[in-house]
Structures are given as structure tokens and as C-alpha cells.
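Everything below concerns the one structure shown next.
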Ligand code: HEC
Ligand code: HEC
Ligand code: HEC
Ligand code: HEC
Ligand code: HEC
Ligand code: HEC
Ligand code: HEC
Ligand code: HEC
Ligand code: HEC
Ligand code: HEC
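What follows is the structure in C-alpha cells.
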């Protein structure tokens, strides 16, 4: 009785803080980058971390949330097509044999949410809401497939594993999971999430942080962030999911916005313009000159100056025949105007200019 009261008040506190959170969120890169420019360009936009989850608490009261996800009020044992005759036996029976797993599980948000019994969840079904009904497994634990297992190489097909999680977590950030590259390559939710233990502060990830979770497979990409020039991902200020939604998107490669530039503008809003004089390659794609994951050139550039510019700008028409091979640092008559900041020592506003006489990006 006392216990129920405590959980009820905990749930009420959560509801209140969720309401505050949802009220405070204005930026949602996932929905529409172009309308998501933060008013303060120095403030990073929020990620989805927990926000979508918290919103569930609010919507759950209505039974089914806005995206069609089944709420806890309807949580039952997950369906296990490999053991159609099994029936639920209750968490206490599972815990009798799996006390170690239960101990670690108890620190997770699922344990708190499902066991609270708040909002109509069936506390007795906690384990079986993910692992499926357990009567056959409890009777003979070594029969493969008798319980839903979430590891590669288990008898449970990956589709059954993901369908189980999606039973409660469909829609929202996972709207495009089906057909995404991670789904197509046979990843299971449990490749990135470990709901059985609290390894990360948020998000029930398999590693301590988002970026380390991704680095488990994308080692090469993570390594590029160690280059001389990089955005502050190793420093923990941004993470892979600021630009990518690992659950699937409509834009390759898993970008959260419709275009590359839209992704960049969510943080570098001042580059969006509008500008009086535009530099066409900037409008086309920031990737014409920058590598988002890191570069050994200055400022994430894909090639050293002045070669970066000379890939597109030939030596014709330029005053003083500045851009000659001889004038380069390695040429026969090095021109100091091509060294150091090179072209951008004169063409300073390379992303475009708002100055009436800034047609050449000098101002
Ligand atoms: C490739 C890695 C990866 C895979 C696969 C993956 N996730 Fe995630 N998921 C993440 C990361 C990273 C976060 C936290 C970042 C964030 O807030 O977007 C997250 C956040 C979440 C959240 C909490 C935030 C929210 O959106 O409500 C839920 C719930 C979730 N994932 C469910 C799933 C389910 C269900 C699956 C399987 C269908 C799945 N995930 C597959 C990486 C992954
Ligand atoms: C009688 C003891 C017993 C009970 C009750 C029991 N288990 Fe198990 N469980 C085991 C044993 C033993 C194994 C290891 C089987 C093996 O290695 O083949 C196991 C394995 C598992 C696995 C991993 C399966 C795999 O294929 O990798 C999961 C998941 C699991 N149990 C969940 C549960 C859940 C959920 C319940 C309650 C519905 C439950 N168990 C009840 C003894 C039990
Ligand atoms: C939110 C879904 C969810 C709930 C609830 C849940 N599990 Fe799990 N369980 C998983 C996933 C996912 C894995 C695979 C974890 C991994 O990748 O190591 C797993 C793995 C296991 C395993 C296999 C051993 C291991 O650690 O890999 C056992 C045994 C197990 N769970 C028992 C339980 C018991 C007992 C409960 C209830 C106290 C429970 N689970 C509740 C999702 C869940
Ligand atoms: C019975 C419904 C149910 C099932 C099945 C379920 N979850 Fe959850 N999950 C919840 C609830 C409830 C929360 C608590 C937050 C909320 O209210 O959305 C949650 C939260 C999460 C979060 C967010 C954690 C955070 O720190 O914000 C992740 C990630 C997640 N679940 C992943 C999974 C994965 C992976 C599976 C499948 C192995 C799974 N869930 C299965 C109900 C479920
Ligand atoms: C379990 C391994 C695994 C993990 C963990 C993982 N990925 Fe992937 N990812 C893959 C595979 C496999 C592909 C497909 C690669 C291919 O076909 O070239 C892929 C593809 C991608 C792509 C698209 C590449 C393209 O060329 O279209 C992006 C972006 C990506 N992952 C981002 C992430 C992010 C962000 C995370 C962490 C939240 C993550 N991945 C975690 C295995 C993983
Ligand atoms: C600042 C935004 C941003 C961040 C942060 C970011 N990416 Fe990317 N990522 C991109 C863009 C933009 C592309 C498209 C590159 C292209 O088309 O050449 C991309 C491409 C990819 C690809 C496919 C092509 C390739 O380069 O291999 C993978 C895989 C990938 N990212 C994974 C990750 C992982 C893992 C992290 C975190 C360690 C991460 N990204 C962080 C923006 C970002
Ligand atoms: C989640 C926010 C975020 C996103 C999205 C983002 N950036 Fe950044 N970027 C930063 C931060 C933070 C810095 C570091 C700013 C500082 O140190 O003053 C930075 C710095 C940079 C720098 C300067 C690096 C240097 O060495 O001085 C370049 C160039 C850059 N970003 C390009 C891009 C491009 C291109 C994209 C789109 C693919 C992008 N950014 C997307 C947050 C972001
Ligand atoms: C034509 C090549 C080119 C393109 C395309 C380009 N940039 Fe740059 N960018 C540069 C150069 C060169 C610098 C170094 C400027 C300096 O050191 O003064 C730079 C510097 C930056 C910086 C750090 C200094 C600053 O101005 O804040 C950021 C951030 C940045 N670029 C973001 C972007 C974004 C976002 C896009 C796409 C909208 C983009 N760039 C497209 C060439 C380019
Ligand atoms: C991907 C190709 C590309 C790269 C790289 C590039 N530019 Fe441009 N730039 C263009 C195009 C296209 C125009 C528009 C030309 C026109 O309107 O005739 C342009 C216009 C300009 C102009 C204005 C010229 C005019 O006639 O109005 C200047 C100045 C300029 N670029 C300087 C640079 C500098 C400096 C760099 C290196 C930091 C650079 N560009 C890199 C493609 C590029
Ligand atoms: C010492 C200053 C200075 C440096 C360094 C410089 N420029 Fe210029 N650039 C100018 C001036 C001044 C003009 C305008 C000339 C005019 O309006 O007739 C100009 C014009 C241009 C134009 C417009 C078209 C043309 O050819 O007249 C382009 C493109 C251009 N520069 C590219 C570059 C590139 C690429 C570099 C580096 C290799 C570079 N500039 C380095 C001063 C400089």
C-alpha cells in the first residue's frame, strides 16, 4: 500500500516535469530543419533524448498516443510466434531463476515504468512484456526459441526482436525504421540498446555514450573526429545523433533533415542567409568544402588552401595573375598572398556577403 503511494507520487512528479520539458522544447530537427533554427545561434538544438519518451507519459493516459503507439495500459506479454502455446507465468517466476539479471534490470527506466503499475501497466508482466510468455521456457529452459532472446545468433529472428520493442515504441523517431539502412542490414534494437542494465545515463545504450555506441561499428567515422580539425564530438558537446537519426530517415545517409545544408543550419544558422551576394557552392552543399566528420586541414576543409578554391576557379580574369602555379608556396616564385590564409585573406566572407560592395566576398 505504502509502496503504491510512493510510486504514484513519483509518477505525478514525472508527469509534471514532463509537462515542463515538453513546453520548453521548441527545436525538433527531426521534423523540419528549416524551421528549426535556434533563436540563439550559440545554443545547440535539443536532441530527442528522452523527450519523445517523456511525451509518452502524457499521451499514455489517452490509451494510444498521437503516433499510434500502444500505451502501457495495453501492455501484455509480447507475442512469440515460435511458442504460440506458451502462457504468461509472471515476473516472480522469472526472477526466481534470473536473480542476477533482475538485479541489474531494476536500475533501468523500464523497471521503474513497468513495475510502478502506474497508468495501468501490468506489473506482473514486466519481464514477459519483452520476452514473451514464459511457461514453456520455465518448464524446459534449454529449448531454443521458447523465450524471445535479443542477441544475434539466438533462435529468435531479428524481426521478432524488433517487433517486440516497436510494440511500445513505434512511430516518433522510429517512423522510418522499416526500410532504413540499419533495418535492411539486419540490426536489432539491441545492437545499440541494452535494456537489461543501465550502461548510459540516458537512452539505455549498450555503451556509455551515443558516440561510443556508434563507434562500435563505425570506427572509421569516429576516428576522423580525432583529426586536427573537428567539431566538438570527442569533447562531448555534440554527438552523432545531432545530425543522424539511427532509427531511419527519408534522407541518405540517415540525416535528420531533408538536405545536408539543413542539418548544418540547425547549429550554424547564420550561414543560412539571406545574403545579398551568394557563393553558389555554399548554397549547393557545405560538403563542397567541408568534411563534417573531421579533417587534417584547417576548419574541416576537404583540401588545402588555395587548392580548394582552384579546383573551381581557374587563373583567368584574376587581377595580377595571382593564381599561377609559380605563385604557390611550392612554385618558383612563391607569392605570399597565396600562403597562410591564401585566397581568404582578401575574400574573407567566403560564405556570402551582405555588403553592397561585397560581390567578390571581400566584405
Ligand atoms: C544504430 C543504433 C540504434 C538502433 C539500431 C536503435 N536505436 Fe534507439 N536510439 C539510439 C540512440 C543513439 C538513441 C539516443 C539518441 C536520441 O535521443 O535520439 C536512441 C533512442 C531511443 C529511444 C528513446 C528516445 C526516443 O526516441 O523516444 C527509444 C524508445 C529507442 N531508441 C527505441 C529503439 C527501438 C525500438 C529500436 C529497434 C526498432 C531502436 N531504438 C534501434 C540508437 C539506436
Ligand atoms: C527454471 C528456471 C528458469 C525460469 C523459471 C526462467 N528461466 Fe530463463 N533461463 C533459464 C536457463 C537455465 C537459461 C539458459 C538456457 C541455455 O543456456 O540454453 C535461461 C535463458 C533465458 C534467456 C536467454 C535465452 C537465449 O536463447 O539466449 C532469456 C531471455 C530468459 N531465460 C528469460 C526468462 C524469462 C523472461 C523468464 C520468465 C518468463 C524466465 N527466463 C524464466 C532458466 C529459467
Ligand atoms: C524492455 C524489454 C525487456 C524487459 C522488460 C526485460 N528484458 Fe531481458 N533482455 C532484453 C534485451 C534487449 C536483452 C538482450 C540484452 C543484450 O543485448 O545483452 C535481454 C536479455 C535477457 C537475458 C539473457 C541474458 C543477457 O543478459 O543477455 C535474460 C536472462 C533476461 N533478459 C531476463 C529478463 C528478466 C528476468 C526480466 C524481468 C525482470 C527481463 N529480462 C526484462 C529486454 C528486456
Ligand atoms: C511494454 C512496453 C514496452 C516495451 C515492449 C519496450 N519498452 Fe522501452 N520503454 C517503455 C516505457 C514505458 C519507457 C519509459 C519511458 C516512457 O514512458 O516512454 C521506455 C523507455 C525506453 C527507452 C528510453 C530510455 C531513456 O532513458 O529515455 C529506450 C531506449 C527503450 N525504451 C528501448 C526499448 C527497447 C530496445 C525495447 C525492446 C527490447 C523496448 N524498449 C521495449 C515501454 C516499453
Ligand atoms: C551493430 C553495428 C552498427 C552500429 C552499432 C551502428 N551502425 Fe550505422 N550502420 C551499420 C551498417 C552495417 C550499415 C550499412 C553500411 C553499408 O552498407 O555500407 C550502417 C549504416 C549507417 C549509415 C549510413 C551509411 C550510408 O552509406 O548510407 C549511417 C549514417 C550510420 N550507420 C550511422 C550510425 C549511427 C549514428 C550509429 C549510432 C547511433 C550507428 N550507425 C550505429 C552498422 C551499425
Ligand atoms: C555535424 C553533423 C554530423 C555529425 C556530428 C556526424 N555526422 Fe555522419 N555524416 C554527416 C553528413 C553530412 C554525412 C554525408 C557525407 C557525404 O555525403 O559525404 C555523413 C555521413 C555519414 C556516414 C556515411 C558515409 C561515411 O562518411 O562513411 C556514416 C556511416 C556516418 N556519417 C556516421 C556517423 C557517426 C558514427 C557519427 C558519430 C561518431 C557521425 N556520423 C557524426 C554529418 C554528421
Ligand atoms: C549540433 C550542432 C552542430 C551541427 C548540426 C553542425 N555543427 Fe559545425 N560546429 C558545431 C560546434 C559546436 C562547433 C564548434 C564551434 C566553436 O568552437 O566555436 C562547430 C564548428 C564547425 C566548423 C569550424 C571548425 C573549426 O575547426 O573551426 C565548421 C567548418 C563546421 N562546424 C561545419 C559544419 C557543417 C558543414 C555542418 C553540417 C554538415 C555542421 N557544422 C553541423 C556544431 C554543429
Ligand atoms: C566554397 C567553400 C566553402 C563552402 C561551400 C562552405 N564553406 Fe564554410 N568555410 C570555408 C572556408 C575557406 C572557411 C575558413 C574561413 C576562415 O578561416 O576564415 C570556412 C569556415 C567555416 C566555419 C568556421 C568559421 C565561421 O565562419 O564560422 C563554419 C562554421 C563553416 N565554414 C560552416 C559552413 C557551412 C554550414 C556551410 C554550408 C552552408 C559551409 N561552411 C560551406 C569554405 C566553405
Ligand atoms: C565547388 C566549386 C567552387 C569552389 C570550391 C569555390 N568556388 Fe568560388 N565560385 C564558384 C561559382 C560557381 C561561383 C559563381 C561564378 C559566377 O557567378 O560566375 C563562384 C564565385 C566566386 C567569387 C565571386 C566571383 C564573381 O564573379 O562574382 C569569388 C570571389 C569566389 N568564388 C572565391 C572563391 C574562393 C576564395 C574559394 C576558396 C575558398 C572558392 N571560391 C571556392 C564555385 C566554387
Ligand atoms: C590580395 C588580395 C587577393 C587575393 C589573395 C586573392 N584575390 Fe581574388 N580578387 C581580388 C580582387 C581585388 C578581386 C576583384 C577584381 C575586380 O573586381 O576586378 C578579385 C576577384 C576574384 C574573382 C572574381 C573573378 C575574377 O577572376 O576577377 C575570383 C573568382 C577570385 N578573385 C578568386 C580568388 C582565388 C581562388 C584566390 C586564391 C587563389 C584569390 N582570389 C586570391 C583580390 C584577391
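In mature numbering (1 follows the signal peptide of the UniProt record, and there is no 0), the protein residues as written are -29 to -1, 1 to 334.
Idealized CB from N, CA, C, for every residue including glycine.
- Boundaries cannot be given for residue 330, as no alpha helix (DSSP H) includes it and DSSP labels it neither H nor E.
- Taking 4 residues as the shortest admissible run, the region 95 to 133 contains the following complete alpha helix (DSSP H) segments, listed from N- to C-terminal end: 99 to 102, 106 to 110.
- Taking the CA atoms as reference points, residue 86 sits about 32 Å from residue 187.
- Using a Cβ distance threshold of 8 Å, residue 103 and residue 51 count as a contacting pair.
- For residue 80, the closest of 67, 170, 118 by C-alpha to C-alpha distance is 170.
- Under the DSSP definition of a beta bridge, residue 248 partners with 324.
- Under the three-state reduction of DSSP output, residue 180 falls in the coil class, being neither helix nor strand.
- Boundaries for residue 174: no alpha helix (DSSP H) harbours it, and the DSSP string shows neither H nor E there.
- Sixteen is the threshold: when 16 or more other Cβ atoms of the shown chains lie within 10 Å of the Cβ of residue 324, as they do, the residue is buried.
- In this structure, ligand 7 has a non-hydrogen atom nearer than 7 Å to the beta-carbon of residue 209.
- Sorted by position in the chain, 277, 280, 284, 288, 289, 290, 294, 308, 314, 317, 331 make up the residues whose C-beta lies under 5 Å from a heavy atom of ligand 10.
- Taking non-hydrogen atoms of ligand 6 into account, the C-beta of residue 193 is found less than 7 Å away from one of them.
- Listed in chain order, the beta strand (DSSP E) runs fully inside the region 269 to 314 amount to none, counting runs of at least 3 residues.
- Between the region 113 to 120 and the region 69 to 80, the count of C-beta pairs closer than 8 Å stays below three; the two stretches do not touch.
- As a beta-bridge residue in DSSP terms, residue 200 pairs with 266.
- Put simply, of 268, 256, 181 the residue whose alpha carbon is nearest the alpha carbon of residue 200 is 268.
- Within the same chain, Cβ atoms closer than 6 Å to the Cβ of residue 76 are found at 82, 167, the five residues on either side in sequence being excluded.
- When C-alpha distances from residue 219 are compared across 48, 145, 285, the shortest belongs to 145.
- For residue 69, the three-state secondary structure derived from DSSP is coil.
- Taking C-beta separations shorter than 6 Å and ignoring five residues to either side along the sequence, residue 140 has no partners in its chain.
- Segment contact: the region 255 to 273 against the region 191 to 207, three or more CB-CB distances shorter than 8 Å; contact assigned.
- Cβ contact annotation for residue 285 (same chain, cutoff 7 Å, sequence separation greater than five): none.
- Contact check between the region 147 to 160 and the region 214 to 230: three or more CB pairs, one atom from each, fall below 8 Å, which counts as touching.
- The Cβ-Cβ distance between residue 143 and residue 247 does not fall below 8 Å.
- Cβ-Cβ separation between residue 182 and residue 211: approximately 5 Å, consistent with a contact (criterion under 8 Å).
- Where residue 231 is concerned, the enclosing alpha helix (DSSP H) starts and stops at 231 to 236.
- Closest in alpha carbon position to residue 162, among 138, 185, 277, is 185.
- Cα atoms of residue 191 and residue 312: separation of roughly 29 Å, rounded to the nearest angstrom.
- In this structure, residue 119 and residue 133 do not form a Cβ contact; the two beta carbons are roughly 11 Å apart against a cut-off of 8 Å.
- In this structure residue 106 is in contact with residue 60, their Cβ atoms being roughly 5 Å apart against a cut-off of 8 Å.
- Cβ-Cβ distances below 7 Å link residue 129 to 157, 159 in the same chain, with the five nearest sequence neighbours on each side left out; the list follows chain order.
- Counting only residues of its own chain and dropping the five nearest sequence neighbours on each side, residue 264 has a CB closer than 7 Å to the CB of 192, 195, 196.
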